[in-house]
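Here's the structure we're looking at; comments come further down.
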Amino acid sequence: MARNVSTGRKLITTVVAWTIGILIFFPILWTFLTSFKTEAQAIASPPVFLFFDWTTENYSEVQSRSDYLKHFMNSVVVSFGSTLLGLLIAIPSAWAMAFSPTKRTKDVLMWMLSTKMMPPVGVLVPMYLIFRNWGLLDTRTGLVIVLTLINLPIIIWMLYTYFKEIPGEILEAARMDGASLTKEIIYVLTPMAIPGIASTLLLNIILAWNEAFWTLNLSAAKAAPLTAFIASYSSPEGLFYAKLSAASTMAIAPILILGWFSQKQLVRGLTFGAVK
Amino acid sequence: MGSITLKNVSKVFGAHAVIPSIDLDITDGEFVVFVGPSGCGKSTLLRLIAGLEDVSDGEIVIDGRNATELPPARRGLSMVFQSYALYPHMSVRSNIAFPLKMAGEDKASIDKKVEDAARVLNLTDYLDRKPRQLSGGQRQRVAIGRAIVRQPEAFLFDEPLSNLDAALRVNMRLEISQLHQQLKTTMVYVTHDQVEAMTMADKIVVLNRGRIEQVGSPLDLYRRPDNLFVAGFIGSPKMNFVTGAPAAAHQAHTIGIRPEHIALSKDQGTWRGTVGVAEHLGSDTFLHVNADGIGTLTARVGGDFAVTHGDQVYLTPDAERLHRFDEKGLAIR
Chain E
1112 MARNVSTGRK LITTVVAWTI GILIFFPILW TFLTSFKTEA QAIASPPVFL
1162 FFDWTTENYS EVQSRSDYLK HFMNSVVVSF GSTLLGLLIA IPSAWAMAFS
1212 PTKRTKDVLM WMLSTKMMPP VGVLVPMYLI FRNWGLLDTR TGLVIVLTLI
1262 NLPIIIWMLY TYFKEIPGEI LEAARMDGAS LTKEIIYVLT PMAIPGIAST
1312 LLLNIILAWN EAFWTLNLSA AKAAPLTAFI ASYSSPEGLF YAKLSAASTM
1362 AIAPILILGW FSQKQLVRGL TFGAVK
Chain Z
5 MGSITLKNVS KVFGAHAVIP SIDLDITDGE FVVFVGPSGC GKSTLLRLIA
55 GLEDVSDGEI VIDGRNATEL PPARRGLSMV FQSYALYPHM SVRSNIAFPL
105 KMAGEDKASI DKKVEDAARV LNLTDYLDRK PRQLSGGQRQ RVAIGRAIVR
155 QPEAFLFDEP LSNLDAALRV NMRLEISQLH QQLKTTMVYV THDQVEAMTM
205 ADKIVVLNRG RIEQVGSPLD LYRRPDNLFV AGFIGSPKMN FVTGAPAAAH
255 QAHTIGIRPE HIALSKDQGT WRGTVGVAEH LGSDTFLHVN ADGIGTLTAR
305 VGGDFAVTHG DQVYLTPDAE RLHRFDEKGL AIR
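Listed in order, the protein sequences are those of chains E and Z.
Under our numbering, the first residue of the first sequence is numbered 1112, with each subsequent residue one higher.
Under our numbering, the first residue of the second sequence is numbered 5, with each subsequent residue one higher.
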């Protein structure tokens, strides 16, 4: 715990941490800066860093060419919808596996996780055909279903780990104290499970928001979320870096803000169980 | 009134009978301790009484009422768990108030009872804290507070002191005994520590492999163990067992002598031996002696008896306090 760290070491650690942080953040910063450049400056060589003619032209151009709000709403519906639907299925299943495991529980969990190891493109054609036959192509419903399915293993795993951490003796104590099943759920289980459910919810909204493979392949115009909105600026007629950057900035801004405000829960969610 | 009767109670997990069949009477107001090595079924037995596990067969009668099919909440029992099992998101006050809230009592009476319990347990200053801000001993007291507020028929304790350090354990042992004298409510207490059993119990139930080996008062078990298991389990240091010729001399297959019932001398005695290890506790010294033709014997002598490794000594067992066992391990009386 109280290890003596010399000032020199501290300095090195700080510099290294900042370097890594900046390296990771740099693409986002560059995208943000590029979105305020003209197309010519965006591809200028050597690249200009800060001293260019700042312009918001790209944003108005992007907004006039494609309706940002429509795509934004699609993204919101698809990511929130798929996460909520996923939670609705995952809570009871994770619950059952955490609180009354059988000897097959571990196998079921591993099997679910193994589906995430398969490259999604392997099932693209059958999925596409199913979606076409069922009239789900380019619909929000279709995207909600597919994103629910691909994120379900992760949601169940996260919730399972959380529920596992709730000590069984506490539930037994509630039973001894005279709590009925309903009261046990209201007063003891839910308050203890809520932080876990909240972290899972946040992480999955972000995963669903950023998901590009299925949303790009199964939507065209009507249901296209922000991922498709970005992709439309890398067209066969040529790349428009500045406009692409403006679109990207607009697409990631909402989720960045959400992530910023909930970073405590997110970090807890990602490192849960690792530290007591 | 908190009498508890077990009739032919058994518990089977899969193909494994953890408790083959147990009959036991616990009278109202008694402090009963279930003691035995780990895996002997003592916790399972407690959980069967609590209703946290269903019995496979048999009947549990609490306060004259058949409680076999009743859910835990309706058996009128309180339980203190090994891990304390406090509700982490609630303050100490809400933790203690929880059973009363579940019973639907009005707020004024809940407040009064919580304050009373807190006073008894020295928790008044901590009522608004969360469990994580408390020490182990304080947490244990909150768990006890939660158990006493609703005045149950009986208290069940599942190894409540095993998470505490040694000094605190001695304190809490005393506090629980005092609480029992104050409340005069039936207490059923599970432990693997025979010292806890000896010091706290009115009645000890020694369990081994799901069977009751012997039931009796602490001194009963110490003085008149029914078999080798009880003889070896109760008492510290452990009873010495000797087989062969020295046992045959007493018409027994095995004889048992407690370390405190062996007289030591440097000059003469029944058995001769060499001191292996001498453990000096100050007040007493435990000598592990390699006796010729018998094996290692433990003897307890006064702290003044000065011997060290390699010294020759003579041991004389107190014939009056010798325990004799037949080849099945049962006491010969």
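Don't be surprised by glycine CBs; every beta carbon is placed ideally from N, CA and C.
For clarity, every value in this text was computed on a predicted model and none was experimentally measured.
Check: Could you give the DSSP three-state label for N167 (chain Z): helix, strand or coil?; Outcome: coil
Check: Quick one: Cα of M1252 (chain E) to Cα of V1187 (chain E), how far?; Outcome: What sits at residue 1252 (chain E) in the sequence shown is Thr, not Met. Computed Cα separation, rounded: 13 angstroms.
Check: Per DSSP, what are the beta-bridge partners of F329 (chain Z) in this structure?; Outcome: Z:T258, Z:A335
Check: Relative to the C-alpha of M202 (chain Z), which candidate in Z:D32, Z:R177, Z:R150, Z:V153 has its C-alpha closest?; Outcome: Z:R177
Check: Count the other CB atoms within 10 Å of the CB of R79 (chain Z); is the residue buried (16 or more) or exposed (fewer)?; Outcome: buried
Check: Relative to the C-alpha of E1276 (chain E), which residue among E:V1255, E:L1240, E:D1249, E:M1208 is closest?; Outcome: E:M1208
Check: Label L1240 (chain E) either buried or exposed according to how many other C-beta atoms from any shown protein chain fall within 10 Å of its C-beta, with 16 as the threshold for buried.; Outcome: exposed
Check: Applying the 10 Å Cβ sphere with the 16-neighbour rule, what's the burial state of L56 (chain Z)?; Outcome: buried
Check: What does P76 (chain Z) touch in chain E if you count any residue whose Cβ is under 7 angstroms from its own?; Outcome: R1286, M1287
Check: Starting from F35 (chain Z), trace the beta strand (DSSP E) in both directions and tell me its first and last residue.; Outcome: 35-39
Check: E264 (chain Z) bridges to which residues according to DSSP?; Outcome: Its beta-bridge partners do not exist; DSSP assigns none.
Check: Let me make sure I understand the geometry here. Which of E:T1118, E:K1294, E:N1328 has the alpha-carbon closest to that of M1238 (chain E)?; Outcome: E:N1328
Check: Could one say the Cβ of F353 (chain Z) lies closer than 8 angstroms to chain E's Cβ atoms, at least one of them?; Outcome: Residue 353 (chain Z) lies beyond the range of chain Z shown here (5 to 337); nothing can be said about it.
Check: Based on Cα-Cα distance, which residue from Z:Q255, Z:L104, Z:S95, Z:K11 lies nearest to T72 (chain Z)?; Outcome: Z:K11
Check: With distances taken between CB atoms, is the gap from W1325 (chain E) to V1255 (chain E) smaller than 8 angstroms?; Outcome: no
Check: Which residue wins for smallest C-alpha separation from D330 (chain Z), given the options Z:G307, Z:G286, Z:I261, Z:A256?; Outcome: Z:A256
Check: Identify the continuous alpha helix (DSSP H) that holds F1137 (chain E) and give its terminal residues.; Outcome: 1118-1145
Check: How would you write the range of the alpha helix (DSSP H) that P222 (chain Z) sits in, first residue to last?; Outcome: 222-227
Check: So F102 (chain Z) contacts chain E; which residues on that side make the cut at Cβ distance below 9 angstroms?; Outcome: A1284, A1285, D1288, G1289, A1290, Y1298, V1299
Check: Output the distance between the C-alpha atoms of G45 (chain Z) and R51 (chain Z), rounded to the nearest integer angstrom.; Outcome: 10 angstroms
Check: Per DSSP, what kind of secondary structure is A71 (chain Z) in: helix, strand or coil?; Outcome: coil
Check: Which ranges does the alpha helix (DSSP H) cover as unbroken runs of at least 4 residues, wholly within the segment 1310-1346 of chain E, from first to last along the chain?; Outcome: 1324-1329, 1337-1342
Check: Residues of chain A with CB closer than 9 angstroms to the CB of M1303 (chain E), please, in chain order.; Outcome: Chain labels in this structure do not include chain A; the protein chains are E and Z.
Check: Between Z:I152, Z:G297, Z:T258, which lies nearest to G277 (chain Z) when the distance is taken from Cα to Cα?; Outcome: Z:G297
Check: Have a look at Z:D169, Z:S60, Z:A253 and flag the residue whose alpha-carbon is nearest the alpha-carbon of A19 (chain Z).; Outcome: Z:S60
Check: Span of the beta strand (DSSP E) holding V1236 (chain E)?; Outcome: Not the beta strand (DSSP E): V1236 (chain E) falls in the alpha helix (DSSP H), residues 1235-1244.
Check: Helix, strand or coil: which one does DSSP assign to V1378 (chain E)?; Outcome: helix
Check: Exposed or buried, I8 (chain Z), counting other C-beta atoms within 10 Å across all chains shown (16 or more means buried)?; Outcome: buried
Check: Under 8 angstroms between beta-carbons, which chain E residues line up against R228 (chain Z)? List them in chain order, please.; Outcome: Simply none; closest approach about 36 angstroms.
Check: If you measure from the beta carbon of A282 (chain Z) to each beta carbon in chain E, is any gap under 8 angstroms?; Outcome: no
Check: Check the Cβ of S42 (chain Z) against every Cβ in chain E and list those closer than 7 angstroms, keeping chain order.; Outcome: The premise fails here: S42 (chain Z) is roughly 17 angstroms from chain E at the closest Cβ pair, so nothing lies under 7 angstroms.
Check: Any idea if F1147 (chain E) is buried or exposed, counting beta-carbon neighbours within 10 angstroms, 16 or more meaning buried?; Outcome: buried
Check: Is there a C-beta anywhere in chain E that falls below 8 angstroms from the one on L81 (chain Z)?; Outcome: yes
Check: Among the candidates Z:K332, Z:H254, Z:L319, Z:R154, whose CA atom is the shortest distance from the CA of F1 (chain Z)?; Outcome: The structure shown does not extend to residue 1 (chain Z), since chain Z is modelled only from 5 to 337, so the question has no answer here.
Check: Looking at C-alpha atoms only, which residue of Z:L131, Z:R173, Z:M106, Z:A21 is the closest neighbour of N118 (chain Z)?; Outcome: It should be pointed out that residue 118 (chain Z) corresponds to Val in this sequence rather than to Asn. Closest by alpha carbon: Z:L131.
Check: Since I1281 (chain E) meets chain Z, which of its residues come closer than 7 angstroms, beta carbon to beta carbon?; Outcome: A89, Y91
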